[in-house]
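Using the numbering used here, you'd call the opening residue of the sequence shown number 2 and step up by one each time.
Glycine included, every Cβ here is placed at the ideal spot set by N, Cα and C.
The structure appears below as structure tokens.
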Amino acid sequence: MFEVIGERINTSRKLVQSAVANRDAGYIIDDVKRQQEAGANYIDVNAGARIGHEEEDMRWLLENIQPNAAVPLVLDSPDPTILEMAFQMMEKTPMINSISLEKERFDAMMPFLKGKECRVIALCMDDTGMPVSSDDIVGRADKLVKELNAIGIPTGSIYIDPLVQPISIDSSKGTMVLDAVRAIKKKFPGVHITGGLSNISYGLPQRQIINRIFVTMMMDAGMDSAIIDPLDRKIMATIRTADMLLGHDQFCMNFLKGVRSGAIAS
Ligand code: THG
């Protein structure tokens, strides 16, 4: 089954940012519950947008979310010290978002992850920047899987984020990532593929139709998780329908449940 990582608890979103600034726990808790009810399998928590406040904001968010979350949390920060602080607060094992091949980050994250039993998102990013070809994405994923395996993280706990790039800057950016996902899944059948999707439509109008069709194509290529807004009913219906069509929904049970609940409608 496809895994939805709810992206809404992110201080880059204006309403979340003011709720965090005003320490409005009710707003945050309500949002988490709505994401869960809409079908989020994980709740991502990112406190990075209020410069200089990430540590205290992350701590406050986790103090309030943890007792109210029925699903695992995804600790989202580029800063390994924030991830360590957050990890220590967790009662249930969280997912770590993220490690990358950027040297400073990689060197700080590897000792931290060593021997831990947790899922981890691994970004195909290195010190030269974003990947430039399918082979480049696959090569970076290969390195990440092998390095993480070597410190005891099994392939089934690794979520590769191939880094979706805007199709508006280069018409090959769709096939570049689709081909890479197919190749990564062929090489490492047990690995997960996740990531944000909306970059694909950056700079274009009518972004939602682009995002919905793209997630369908990515799922066919092997993407089995995404960081999205679970309150976006149309993308959720698209994902549930595609999951059924790809054979991940025995007897169409989840699809039918979605229709009965009103979550899926044409
Ligand atoms: N990969 C991984 N982690 C990630 C990302 C990724 N974490 C952060 C991000 N990308 C995914 N999360 C979000 C959260 C919120 C929004 C987008 C991505 C969002 N943005 C509105 C916008 O840009 O228009 C903000 C509007 C507002 O103010 O509300 O909602 O790719 N591993």
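{"query": "With distances taken Cα to Cα, identify the nearest neighbour of Ile-170 among Glu-38, Val-133, Glu-92, Met-111.", "result": "Val-133"}
{"query": "So the alpha helix (DSSP H) Arg-24 belongs to, where does it begin and stop?", "result": "Careful: Arg-24 lies outside any alpha helix (DSSP H) and carries neither H nor E."}
{"query": "Going residue by residue through the stretch 205 to 251, where are the continuous beta strand (DSSP E) segments of at least 3 residues, counting only ones entirely within it?", "result": "226 to 229"}
{"query": "Would you kindly report the start and end of the unbroken alpha helix (DSSP H) that includes Arg-106?", "result": "104 to 114"}
{"query": "Please report the distance separating the alpha-carbon of Ala-123 from that of Asp-143.", "result": "11 Å"}
{"query": "Count the C-beta pairs between the stretch 127 to 141 and the stretch 182 to 201 that are closer than 8 Å, then say yes if the count reaches three, no if not.", "result": "yes"}
{"query": "Kindly examine the ligand THG and report whether one of its heavy atoms sits closer than 6 Å to the Cβ of Ser-202.", "result": "no"}
{"query": "Determine which residues share a DSSP beta bridge with Glu-4 and list them.", "result": "Ser-226"}
{"query": "On a Cα-Cα basis, can you pick out the residue from Ile-265, Asp-230, Thr-239 that is closest to Gln-37?", "result": "Asp-230"}
{"query": "Compute the Euclidean distance between the alpha carbons of Arg-120 and Pro-206, then round it to the nearest angstrom.", "result": "35 Å"}
{"query": "Any heavy atom of the ligand THG inside 6 Å of the beta-carbon of Ile-122?", "result": "yes"}
{"query": "With distances taken from CA atoms, which of Thr-242, Ala-70, Leu-198, Gly-248 is nearest Val-260?", "result": "Thr-242"}
{"query": "Between Ile-211 and Ile-201, what straight-line distance do the alpha-carbon atoms span, to the nearest angstrom?", "result": "8 Å"}
{"query": "Take the Cβ of Pro-95 as the centre, count every other Cβ of all protein chains shown within 10 Å, and call the residue buried at 16 or more, exposed below.", "result": "buried"}
{"query": "For Asp-77 and Leu-62, I'd like the C-alpha separation in whole angstroms.", "result": "12 Å"}
{"query": "Round the Cβ separation of Met-131 and Glu-103 to the nearest angstrom and send it over; I've been treating them as touching at under 8 Å.", "result": "Contact flag wrong, Cβ pair sits at about 11 Å."}
{"query": "Cutting at 7 Å between CB atoms, please list the residues of its own chain near Ile-83, excluding the five before and the five after it.", "result": "Glu-55, Glu-56, Met-59"}
{"query": "Would you report the Cα separation of Asp-31 and Ser-262, rounded to the nearest angstrom?", "result": "20 Å"}
{"query": "Regarding Ile-100 and the ligand THG, is the C-beta to nearest heavy atom distance less than 6 Å?", "result": "no"}
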